[in-house]
Amino acid sequence: MKDKQLIVNAIKNGTVIDHIPAKNLFKVISIIKLENIDSQITFGTNLESKKLGSKAIIKIADKYFLDDEINKIALVAPQAKLNIIRDFEVIEKRVVEVPDKVTGIVKCLNPRCITNHENITTKFTIVSKSEVSLKCEYCEKITHQDQMEII
Amino acid sequence: MKNRSLVSITDYSKEDYLKILEKAADFEKQPNHETLKGKLVATLFFEPSTRTRLSFETAINRLGGHVIGFSDASSSSVTKGETLKDTIKMVTNYVDLIVMRHPLEGAARYASEIASVPVINAGDGANQHPSQTLLDMYSIKKTQGKLENLNIFMIGDLKYGRTVHSLVMAMSVFNPTFYFISPEELKMPKEYLLYLDQIHIKYYEYPDFLPIISEADIIYMTRVQKERFQDPIEYEKTKNSYVLSNNMLDNTRANMKILHPLPRVNEINTDVDDNPKAYYFTQALNGVYVRQAIISSILGI
Chain A
1 MKDKQLIVNA IKNGTVIDHI PAKNLFKVIS IIKLENIDSQ ITFGTNLESK
51 KLGSKAIIKI ADKYFLDDEI NKIALVAPQA KLNIIRDFEV IEKRVVEVPD
101 KVTGIVKCLN PRCITNHENI TTKFTIVSKS EVSLKCEYCE KITHQDQMEI
151 I
Chain B
1 MKNRSLVSIT DYSKEDYLKI LEKAADFEKQ PNHETLKGKL VATLFFEPST
51 RTRLSFETAI NRLGGHVIGF SDASSSSVTK GETLKDTIKM VTNYVDLIVM
101 RHPLEGAARY ASEIASVPVI NAGDGANQHP SQTLLDMYSI KKTQGKLENL
151 NIFMIGDLKY GRTVHSLVMA MSVFNPTFYF ISPEELKMPK EYLLYLDQIH
201 IKYYEYPDFL PIISEADIIY MTRVQKERFQ DPIEYEKTKN SYVLSNNMLD
251 NTRANMKILH PLPRVNEINT DVDDNPKAYY FTQALNGVYV RQAIISSILG
301 I
């Protein structure tokens, strides 16, 4: 019982991001720049999940995300669910949506792309949302989900 | 088009294409103008391309403009480690227009974001070379009298050929039927086929062109390069299937013309050169008129 309590340690106010594929937890952490958040953050990973096999969860106290901020994680965690917590209650559940454009975050897979040779922020247009693929606005090559490398 | 960069062929609309081609026809009738008098154009060739550079510089000179620039990155400060950004930042202060060739893909788009003057992409790696596409279209229009409803054969390396990809995108607004003829290894990339499906443009894929050559209005030849093959035996087996020779042209349509972006190696036999259906050398000359049209449209004169 004690172990279980540790896993689901509740927060009073903040956001719980659930259903992150375990292997992508650290990508999510880097995309939403958790290193810049001062409040209490708890992670759990390699947790059992019927949907994902093994999942990860992040609880961030006293932090609420804007849609733009959080939708970026859809690139690596398309099934992620957000629980918005106020006073220990889930007051809202949200899903993430793949954005139409992505600036930064992802590296262009094309080694001959100018963004891999000069200090340029990458820019992509999303050409497919179901199986996420990104078209580089510079070299026009397509980076598919399984080739995605997070900067 | 005025003051807008031309980086990718899809930056222009169907109306833009038609305007450029119309203007190019005027320049063909009367190539010498003074419209660019007092204007300065930079031709920045970070990799050598004599054909393209001479074509652009001829176009600029025929318009009465002046050219500055370099024909090879080794004669520029790139060898000292200057970034593309800094080179563009500097040049943009001097000139009214930048024409740029670069070995890296996306370099022209990036330059167009930095420059305060319009940028014409004269080739960025394997990505785009829009003035080539427009001169291909001009050649098609001139030889066929129209752009609509043509049977366009594309033969050779359809996987890596950037001229092929751009021409497919541009011509697809004129209801063509495409015949893609290539070895298995060098087939048209899926993303282009998907696009054609989406916009309901008909296309066929064949490994060999001889049985169907009588259907062609335009044959667009490209070079099948040995280094594109993983297996050299595959190359030896297929290389001769994509070579055009004069005796193959007997059953072709009277209006049929053969285009090639050049340089040619051996994919068109030299015995084709004297056939009136061979158009590739005139096609190259058309490049000057089309580039005159592009430059003057962008500078709004």
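In order, the protein sequence lines correspond to chains A and B. Each step along the first sequence adds one to the number in the numbering used here, with nothing skipped, and position 9 is 9. Each step along the second sequence adds one to the number in the numbering used here, with nothing skipped, and position 257 is 257. Glycine is no exception: its CB is placed at the ideal position from the N, C-alpha and C atoms. If you're wondering where the values come from, they're calculated on a predicted model, not measured in any experiment.
Check	Outcome
Coil, strand or helix - Lys4/A by DSSP	The predicted position of Lys4/A is uncertain, since its pLDDT is 48 and thus under 50; a value taken from the coordinates is nonetheless stated next. Reduced to three states, the DSSP call for Lys4/A is helix.
CB contact flag (Val224/B, Gly156/B, <7 Å)	yes
Below-7 Å beta-carbon distance, Ala115/B vs any chain A residue	no
Within-7 Å CB hit, Asp146/A to chain B	no
Beta-carbon gap between Tyr138/A and Gly106/B smaller than 7 Å	yes
Residue-level contact to chain A via CB, Arg109/B, 7 Å cutoff	yes
Residue span of the beta strand (DSSP E) that contains Asp124/B, given as start and end	119 to 124
Chain A within 7 Å of Glu302/B, Cβ atoms only	With chain B covering 1 to 301 only, the question about residue 302/B has no answer from this structure.
Same chain, Cβ closer than 6 Å to Arg109/B, five either side skipped, listed in chain order	Val7
Three-pair Cβ contact test at 8 Å for the stretch 196 to 208 of chain B versus the stretch 167 to 182 of chain B	yes
Expected contact under 8 Å - CB spacing of Ile114/B and Lys85/B to nearest Å	6 Å
Per-residue DSSP class, three states only, for Arg308/B	Since the first and last residues shown for chain B are 1 and 301, residue 308/B lies out of range.
Cβ neighbour criterion (16 or more within 10 Å) applied to Asn275/B	exposed
Pair within 7 Å by beta-carbon distance, Leu135/B and Asn286/B	yes
Within chain A, partners of Ser8/B - CB distance below 9 Å	Glu140
Within-7 Å CB hit, Glu118/A to chain B	yes
Distance, Met90/B Cα to Val243/B Cα	46 Å
Simplified DSSP assignment, three categories, for Val7/B	coil
Lys12/A: CB within 6 Å of a non-hydrogen atom of the ligand ZN	Looking for the ligand ZN in the displayed structure turns up nothing, as the structure carries no ligands at all.
Within-7 Å CB hit, Gly125/B to chain A	yes
For Ala61/A, the first and last residue of its enclosing beta strand (DSSP E)	53 to 61
8 Å Cβ shell around Ile105/A - same chain, five flanking residues per side excluded	Ile31, Lys72, Leu75, Thr122, Ile150, Ile151
Per DSSP, cross-strand counterpart(s) of Asn151/B	Thr177/B
Positions along the stretch 91 to 125 of chain A whose CB lies within less than 7 Å of some CB in chain B	Asn110, Arg112, Cys113, Ile114, Thr115, His117, Glu118, Ile120
Three-way DSSP call (helix, strand, coil) for Tyr235/B in this model	helix
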